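There are 6 protein chains.
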Amino acid sequence: MRPSQRQPNELRPVRITRRFTKHAEGSVLIECGDTKVVCTASIDEKVPGFLKGQGRGWLTAEYGMLPRSTGTRIDREAARGRQSGRTLEIQRLIGRALRAVVDLPRLGERTIQIDCDVIQADGGTRTASITGAFVALCDAVKCLMTKQMIDTWPIKNHVAAVSVGVYEGVPILDLDYLEDSACDTDMNVVMTGDLKLVEVQGTAEGQPFTRAELNALLDLAQVGIEQLVAIQREVLQKD
Amino acid sequence: MRPSQRQPNELRPVRITRRFTKHAEGSVLIECGDTKVVCTASIDEKVPGFLKGQGRGWLTAEYGMLPRSTGTRIDREAARGRQSGRTLEIQRLIGRALRAVVDLPRLGERTIQIDCDVIQADGGTRTASITGAFVALCDAVKCLMTKQMIDTWPIKNHVAAVSVGVYEGVPILDLDYLEDSACDTDMNVVMTGDLKLVEVQGTAEGQPFTRAELNALLDLAQVGIEQLVAIQREVLQKD
Amino acid sequence: MRPSQRQPNELRPVRITRRFTKHAEGSVLIECGDTKVVCTASIDEKVPGFLKGQGRGWLTAEYGMLPRSTGTRIDREAARGRQSGRTLEIQRLIGRALRAVVDLPRLGERTIQIDCDVIQADGGTRTASITGAFVALCDAVKCLMTKQMIDTWPIKNHVAAVSVGVYEGVPILDLDYLEDSACDTDMNVVMTGDLKLVEVQGTAEGQPFTRAELNALLDLAQVGIEQLVAIQREVLQKD
Amino acid sequence: MRPSQRQPNELRPVRITRRFTKHAEGSVLIECGDTKVVCTASIDEKVPGFLKGQGRGWLTAEYGMLPRSTGTRIDREAARGRQSGRTLEIQRLIGRALRAVVDLPRLGERTIQIDCDVIQADGGTRTASITGAFVALCDAVKCLMTKQMIDTWPIKNHVAAVSVGVYEGVPILDLDYLEDSACDTDMNVVMTGDLKLVEVQGTAEGQPFTRAELNALLDLAQVGIEQLVAIQREVLQKD
Amino acid sequence: MRPSQRQPNELRPVRITRRFTKHAEGSVLIECGDTKVVCTASIDEKVPGFLKGQGRGWLTAEYGMLPRSTGTRIDREAARGRQSGRTLEIQRLIGRALRAVVDLPRLGERTIQIDCDVIQADGGTRTASITGAFVALCDAVKCLMTKQMIDTWPIKNHVAAVSVGVYEGVPILDLDYLEDSACDTDMNVVMTGDLKLVEVQGTAEGQPFTRAELNALLDLAQVGIEQLVAIQREVLQKD
Amino acid sequence: MRPSQRQPNELRPVRITRRFTKHAEGSVLIECGDTKVVCTASIDEKVPGFLKGQGRGWLTAEYGMLPRSTGTRIDREAARGRQSGRTLEIQRLIGRALRAVVDLPRLGERTIQIDCDVIQADGGTRTASITGAFVALCDAVKCLMTKQMIDTWPIKNHVAAVSVGVYEGVPILDLDYLEDSACDTDMNVVMTGDLKLVEVQGTAEGQPFTRAELNALLDLAQVGIEQLVAIQREVLQKD
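Below is the structure:
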């Protein structure tokens, strides 16, 4: 029995709210149970130096947590003067995951800047960030299309992410904070809309794991991502 | 006529939502028109070094803006590695304003940490932060009372804040971003529940101003703060 | 009775020495009692990025304290690797105060850089900085005129500043360190030569203050600034 | 055909030199083809704050590259004043991988500090670091045993790592820099001596990958790690 | 003929003013021609961690330049967020030079903190700092004696410093900025009151130099330091 | 008798290995006894801003120590976020020493970047760095000649360095760590191939030293540098 009372293959309730704030070209609040992340996509008519003059675009991501998004207040990274290794690792993951489904040359020489800010954390903030940021990205790209700044849809596929883990020997889907703290193996899986793998990051927190366990976890992740992509599609259809 | 179509002495609609996030002892979303700030109050059972062993408490505040809370994305301070002068100035102001109404010895040797994070900005974020943080502070203190960690209510008075300014020669209350950008004199006023002054910060952005203008602005601020304190009271009565 | 034995409306002796150091275009030592600040104005033939190509100038200020300008040695900010919030707040104030009296387009596309460095501190360092920096600014601008780099005098008015406060219930002018540490309300006032307000920053350190107290403090400030402007005029007449 | 002319399942020549430098308790040079990493293990008779008084040990890792270990000189991180996201990510990975095989309570209240410094880079520096650091760790622990500072061998298992990837559609083992730059999917695999998984980090650099490809890559990784563990064993048997 | 019109072996006029500022235990203004440095010595009743519990004292030094102490304004190190290599090098030199004449165990477990801040620079700021700081140090130590915090005079000898260089083939003493910029070899010499060497730092800015030139420079330095020590003695005799 | 059993005028065995790593234009491992430093010279087709457009080149140096190059692990400067004063001082010294023998205009508008990284430290790392970096510099310049990027050999002379000191009253050459820790006077001497002085840095660690001692030390240094230059010549002759 999971602490959350959910079935092993059961996602938390997911809610995606588009146009959550008014300034960003794409702005989404994603809620996965008690995990709440604001994902925005901003368009910047420049590319980083290493891409200048190549006529192709770029996408980059930043991630942060409000100091009191967690049970115990965490130090504000702006006040400490540096982002933690965890933060840098997560924002690199979000960037790679979204770039995997964007045809960057079609963006033209501009950058889409993704910001994922955790308002409330209860496990799975990096995977929720990816799933939500994809929707914000779509809205920002629609904005580019509407303004006729680009003429071909540059997003090749959906992308969504979920965590899976082994809790007391049982593979479970979409870990909340309590489950995450207690589980042996913890894996974050990013997949496209047709369920191909974009990123697999599995870590043995306690006992090393077998290939069989890895496969069971990937099966579960696939179940979850299928549902998350369906929710993305549904939400994006409106308006 | 103000860009916002409001009367000179008219506040924007104010909404204060308590228990906005689940982890903080006090957690408030304050909305003043399109300005939205999450204010949390966290209890830390320590005091800064300079207060150790004195049996009295402390209150401190930090402030931040989500990168895309504004019309043009601003750099993430955590990524830049330092907080701007503006940020430091605002968080010092919030801290002073709230400390002015707290009887610190009654808190015992602990710190209340206020965090004000701007989700969406449309002018007046620092004053909204103070007005909202006061409510979060009350909730955190209630929590200390409920847990019997303190036995006397340490908050001596309400505190709230509003901006005023001279727009095209006319003193106006509660400036939104457009009005703020265009006005000559800009003043932030912090007052207690009995309308005494805690802080006055007036700046001539364009033309220097007269004592008469200063007085007209303070009259307006008083009108606004009276209403803000009433809203605080109403919101705090519930539950 | 004030600790300093002065009358409530009595300034400390003020001495302004022009050409205090030889390299800067404007270089002033201002002494207000035991507070001593070196104020220099340097001309830089560039403007910050956000002003490029607009044909107008800029003025910016920096502030620092020698580590042993104070009773207890303070850490050197260069060694700590960051300027404190107080420092940033003060240098922003100095910059705003001086910009308020400069016709920036007349400066041409160049920056005047003000540096205020406290050699010895005894309260009122930020207001002494503003009063002294104005004189340094005039000298730097004279230098521009002499070299025929500009042809119209761009300084619209005098600007000077003073602190006022409520000490044991009595409003007093120009607080020294002891008075400042003990007073309830502390206010810094910046005015032009015709006694219009440029900046008012009042803070209730202890008890909140009334509108009547605010007015009494502003009356006192006006008395002080009138004298400071007279001293500026006298000093600037020479040579 | 691989750029390196190797068979798809062929490791580069691996050489592990123990006692490479004289000061560290464990000091290893690992060479995997042209990739050369100095791995040291140092014993520190302290633990980080969060572990104090618990009677258990800790292991942590840092990673760096000499500025000219690469084809184009990279900035020295010490001079830039911050470690890159990539560096932080790699050193977190090395630390987790080694902790997975150490029985930390048996270490007693002390820290083993791993340092991996890349002298020459040709792909696979992070996996070489893990494989080499394991040997340095064993030497440092032997040193603790010899000095009778601990009495039970605390290392539960071997740990080694290798990279695998899909190059022109073919899964290949142990990518050098050229292969790594050109491959579609890149995966780092960390396994124990009995070939259980400690960490799997797979990224689709170009095309997303299938479960079948993932499995083929893991099969290859297993082949490589089996050989790396054999080399570790052989090297550790001496003396 | 030197640019300064001085004889090759002629010092600039030196003036040392004790009690230049009121807060520091020792406070000296040293003027060597147009070079003006404020040197203070502060007593801190602590020692750095590496000396705790050993019953001996420490002396350390910091150095800074006001931004407009020079012909062209230099960036404020506090604003840039780091001290330059030159600054660190100079403050390490000052610290070593003064420690060479202090019997640290006699100081007791306390630190003397030297601060040298350049108000106006015209070459030789580091050597002026040492010569002036020695006087400030004596005053701070007198203060310890007067308060009976130590009972034996801990200063073993005078220490003073001067620069020498080869200008157009001629060895000259006490270079001002113009001479320093144009000279081939530049050497800073620190000597005790009995003319033993504490520090020699000679650098060939242009042509390498011979042993004969080195000896001629040291002869000159000796001439200068003899006079500087005489001035220190005279100044310290008063009061 | 020296701790190292060497004669007072005896260098440690010196070994210089060219082409130590494969990527750098010049790459040298220098071993002086147990001190081992990797010196690389990299060519960068840019010059720093202050030299742009002058048609002349530049040479700069950086220095680092692997954390466990020493008996006790030292903090990684990249992790601490700043280079120590000692590091900055050493890398400035290395840069000056090599620039003294390079005809910068002949380099053309490009920079040679020297990196000296200490793999194992046993005293004399800064002098070994200079001696080794000279060889790496020659190899990088040969590379420029071979590629016909420059047409005249720009290196005017050899440069090498050695430490000398007074150990128990006896001047000795080339101090190892133990000798360095115990000696009274410590001096680093940099000379050209024709034994002219480029840099002399002598420090009295304990007792101040006399001119006679200085001369004895310089005599010894000359003996050592003569041999070091011979080794450089021999090594550079090959291939």
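Chains as they are written, first to last, in our numbering: chain A, 351 to 589; chain B, 351 to 589; chain C, 351 to 589; chain D, 351 to 589; chain E, 351 to 589; chain F, 351 to 589.
Ideal Cβ placement from N, Cα and C applies to all residues, glycine included.
Note that the coordinates shown come from a computational prediction; the quantities given were computed from them, not determined experimentally.
Once you ignore the five residues that flank Arg449 (chain E) on each side, which residues in its own chain have a CB closer than 6 Å to its CB? The residue given as residue 449 (chain E) occupies position 99 in the fifth sequence. Contacts found: Leu409.
I want to see whether chain B comes within less than 8 Å of Ser419 (chain A), judged by CB atoms only; does it? As a working note, residue 419 (chain A) is residue 69 in the first sequence. For Ser419 (chain A), the nearest CB of chain B lies under 8 Å from its own CB, placing it at the interface with that chain.
DSSP state of Lys492 (chain A) mapped onto helix, strand, coil: As a working mapping, residue 492 (chain A) is identified with position 142 in the first sequence. Reduced to three states, the DSSP call for Lys492 (chain A) is helix.
Would you say Asp384 (chain C) faces chain E, with C-beta separation under 8 Å as the test? If you number the third sequence from 1, residue 384 (chain C) lands on position 34. Interface flag for Asp384 (chain C) against chain E is set, since a Cβ pair is found closer than 8 Å.
Using a Cβ-Cβ cut-off of 8 Å, state whether Ile462 (chain B) counts as contacting chain A. As a first step, residue 462 (chain B) must be located in the second sequence, where it is residue number 112. So no, Ile462 (chain B) is outside the interface.
Between the CA atoms of Ala411 (chain E) and Cys389 (chain D) - distance to the nearest angstrom: Reading the fourth sequence from its first residue, position 39 is the one you call residue 389 (chain D). Reading the fifth sequence from its first residue, position 61 is the one you call residue 411 (chain E). Cα-Cα distance, rounded: 37 Å.
Residues within the stretch 463-491 of chain A neighbouring chain B, beta-carbon criterion of under 7 Å: Residues passing the 7 Å Cβ filter: Gln463, Asp465, Asp467, Ile469 and Gln470.
Can you tell me which of A:Lys546, A:Val579 and A:Asp536 puts its alpha carbon nearest to the alpha carbon of Phe559 (chain A)? Here the question's residue 559 (chain A) lines up with position 209 in the first sequence. The shortest Cα separation from Phe559 (chain A) among A:Lys546, A:Val579 and A:Asp536 belongs to A:Asp536.
Buried or exposed for Arg365 (chain A), going by 16 or more other Cβ atoms inside 10 Å? Sequence index remark: in the first sequence, residue 365 (chain A) carries index 15 (1-based). Exposed.
With three or more beta-carbon pairs closer than 8 Å as the criterion, would you say the stretch 451-466 of chain B touches the stretch 500-507 of chain B? Between the stretch 451-466 of chain B and the stretch 500-507 of chain B, the count of C-beta pairs closer than 8 Å reaches three or more; the two stretches touch.
Give me the subset of the stretch 358-371 of chain E whose CB atoms are less than 8 Å from a CB atom of chain C, sorted by chain position. Residues of the stretch 358-371 of chain E with a C-beta atom less than 8 Å from some C-beta of chain C are Thr371, listed in chain order.
Cα separation between Leu525 (chain F) and Glu439 (chain F)? As a position in the sixth sequence, residue 525 (chain F) is number 175, starting the count at 1. As a position in the sixth sequence, residue 439 (chain F) is number 89, starting the count at 1. Their Cα atoms are separated by approximately 19 Å.
So, helix, strand or coil for Ala510 (chain A), using DSSP? Here residue 510 (chain A) refers to the residue found at position 160 of the first sequence. Here DSSP, grouped into helix, strand and coil, assigns Ala510 (chain A) to strand.
Is the number of C-beta pairs between the stretch 392-410 of chain F and the stretch 370-379 of chain D that are closer than 8 Å three or more? As far as the Cβ criterion goes, the stretch 392-410 of chain F does not touch the stretch 370-379 of chain D, which means the pair count is below three.
Is the CB-CB distance between Ala447 (chain E) and Glu375 (chain E) below 8 Å? As a first step, residue 447 (chain E) must be located in the fifth sequence, where it is residue number 97. As a first step, residue 375 (chain E) must be located in the fifth sequence, where it is residue number 25. Not closer than 8 Å, so no.
Is DSSP giving Thr481 (chain A) helix, strand or coil here? Here residue 481 (chain A) corresponds to residue number 131 of the first sequence, with the count starting at 1. Helix at Thr481 (chain A).
If the cut is a Cβ gap below 7 Å, which residues of chain A does Phe559 (chain D) touch? Sequence index remark: in the fourth sequence, residue 559 (chain D) carries index 209 (1-based). Among the residues of chain A, those whose CB is under 7 Å from the CB of Phe559 (chain D) are Lys546 and Leu547, following chain order.
Tell me the start and end of each unbroken beta strand (DSSP E) in the stretch 535-568 of chain E that is at least 3 residues and wholly inside, in chain order. Runs of the beta strand (DSSP E) inside the stretch 535-568 of chain E: 535-542 and 547-554.
Excluding the five sequence neighbours on either side, which residues of its own chain have a C-beta within less than 7 Å of the C-beta of Val578 (chain F), listed in chain order? As a working note, residue 578 (chain F) is residue 228 in the sixth sequence. In the sequence on display, residue 578 (chain F) carries Leu and not Val. So the qualifying residues of the chain are Val364, Thr481, Ala510 and Val512.
Three-state class that DSSP yields for Gly405 (chain F) in the structure shown: Within the sixth sequence, numbered from 1, the residue matching residue 405 (chain F) stands at position 55. For Gly405 (chain F), the three-state secondary structure derived from DSSP is coil.
Just to confirm the assignment, what range does the beta strand (DSSP E) spanning Gln441 (chain E) have? Residue numbering aside, residue 441 (chain E) sits at position 91 when the fifth sequence is read from its first letter. For Gln441 (chain E), no beta strand (DSSP E) encloses it; the enclosing alpha helix (DSSP H) starts and ends at Gly435 to Arg449.
Beta-carbon neighbours of Ala374 (chain C), restricted to chain E and to distances below 7 Å: Here residue 374 (chain C) is taken as the residue at index 24 of the third sequence, counted from 1. In chain order, Arg418 make up the part of chain E whose C-beta sits under 7 Å from the C-beta of Ala374 (chain C).
To be precise: take each residue of the stretch 415-447 of chain B, compare its Cβ to all Cβ atoms of chain C, and keep it if any distance is under 7 Å. Which residues remain? For the stretch 415-447 of chain B, the beta-carbon criterion of a distance under 7 Å to any beta-carbon of chain C is satisfied by Arg432, Gly435, Leu438, Glu439, Arg442 and Arg446.
CB-CB length for Val397 (chain F) against Ser479 (chain F), believed under 8 Å: If you number the sixth sequence from 1, residue 397 (chain F) lands on position 47. If you number the sixth sequence from 1, residue 479 (chain F) lands on position 129. Your pair Val397 (chain F) and Ser479 (chain F) does not check out as a contact, with CB atoms roughly 23 Å apart and the cut at 8 Å.
C-alpha gap between Thr553 (chain D) and Leu523 (chain A), whole angstroms: Taking the first residue of the fourth sequence as position 1, residue 553 (chain D) is located at position 203. Taking the first residue of the first sequence as position 1, residue 523 (chain A) is located at position 173. Cα to Cα, the separation comes out at about 21 Å.
Would you give the residue range spanned by the alpha helix (DSSP H) that Pro455 (chain F) belongs to? Taking the first residue of the sixth sequence as 1, we reach residue 455 (chain F) at position 105. Run containing Pro455 (chain F): Leu454 to Leu457, per the alpha helix (DSSP H) assignment.
Could you give the distance in angstroms between the alpha-carbon of Asp589 (chain F) and the alpha-carbon of Ser419 (chain D)? Position 239 of the sixth sequence, counted from the first residue, corresponds to residue 589 (chain F). Position 69 of the fourth sequence, counted from the first residue, corresponds to residue 419 (chain D). Their Cα atoms are separated by approximately 23 Å.
What whole-angstrom Cβ distance do His508 (chain C) and Gly543 (chain C) have, given they're in contact under 8 Å? As a first step, residue 508 (chain C) is located in the third sequence; it is residue number 158 there, counting from the start. As a first step, residue 543 (chain C) is located in the third sequence; it is residue number 193 there, counting from the start. So it is a contact: roughly 3 Å between Cβ atoms.
Measuring only between beta-carbons, confirm whether Gly552 (chain D) sits less than 8 Å from chain A. The residue you call residue 552 (chain D) lines up with position 202 of the fourth sequence. Using a CB distance cut-off of 8 Å, Gly552 (chain D) counts as an interface residue toward chain A.
Exposed unless 16 or more other CB atoms sit within 10 angstroms - verdict on Thr437 (chain A): Position 87 of the first sequence, counted from the start, is the residue given in the question as residue 437 (chain A). Sixteen is the threshold: when 16 or more other Cβ atoms of the shown chains lie within 10 Å of the Cβ of Thr437 (chain A), as they do, the residue is buried.
Buried or exposed, going by whether 16 or more other CB atoms sit within 10 Å of the CB of Thr477 (chain F)? Start at 1 with the first residue of the sixth sequence, and residue 477 (chain F) comes out as number 127. Counting of Cβ neighbours within 10 angstroms places Thr477 (chain F) among the buried residues, the total reaching 16 or more.
Rounded straight-line distance, which links the Cα of Ile464 (chain E) to that of Gly445 (chain E): Counted from its first residue, the fifth sequence places residue 445 (chain E) at position 95. Counted from its first residue, the fifth sequence places residue 464 (chain E) at position 114. Their backbone Cα atoms lie some 8 Å apart in a straight line.
Counting only beta-carbon separations shorter than 8 Å, does Val516 (chain C) have a partner in chain E? Translated into the one-based positions of the third sequence, residue 516 (chain C) becomes position 166. Cβ-Cβ to chain E under 8 Å: no for Val516 (chain C).
Quick test of your reading: Leu568 (chain A) and Pro353 (chain A), contact by CB under 8 Å. State the CB separation rounded to the nearest angstrom. For this step, residue 568 (chain A) is matched to residue 218 along the first sequence. For this step, residue 353 (chain A) is matched to residue 3 along the first sequence. For a cut-off of 8 Å, the C-beta gap from Leu568 (chain A) to Pro353 (chain A) is around 23 Å, too long to register as a contact.
Using a Cβ-Cβ cut-off of less than 7 Å, give me the residues of the stretch 522-546 of chain F that come near chain E, in sequence order. Under the 7 Å Cβ criterion, the stretch 522-546 of chain F contributes Thr542 and Lys546.
At the level of alpha carbons, what is the spacing between Gln357 (chain B) and Val520 (chain B)? Indexing the second sequence from 1 puts residue 357 (chain B) at position 7. Indexing the second sequence from 1 puts residue 520 (chain B) at position 170. Going from the Cα of Gln357 (chain B) to the Cα of Val520 (chain B) covers about 11 Å.
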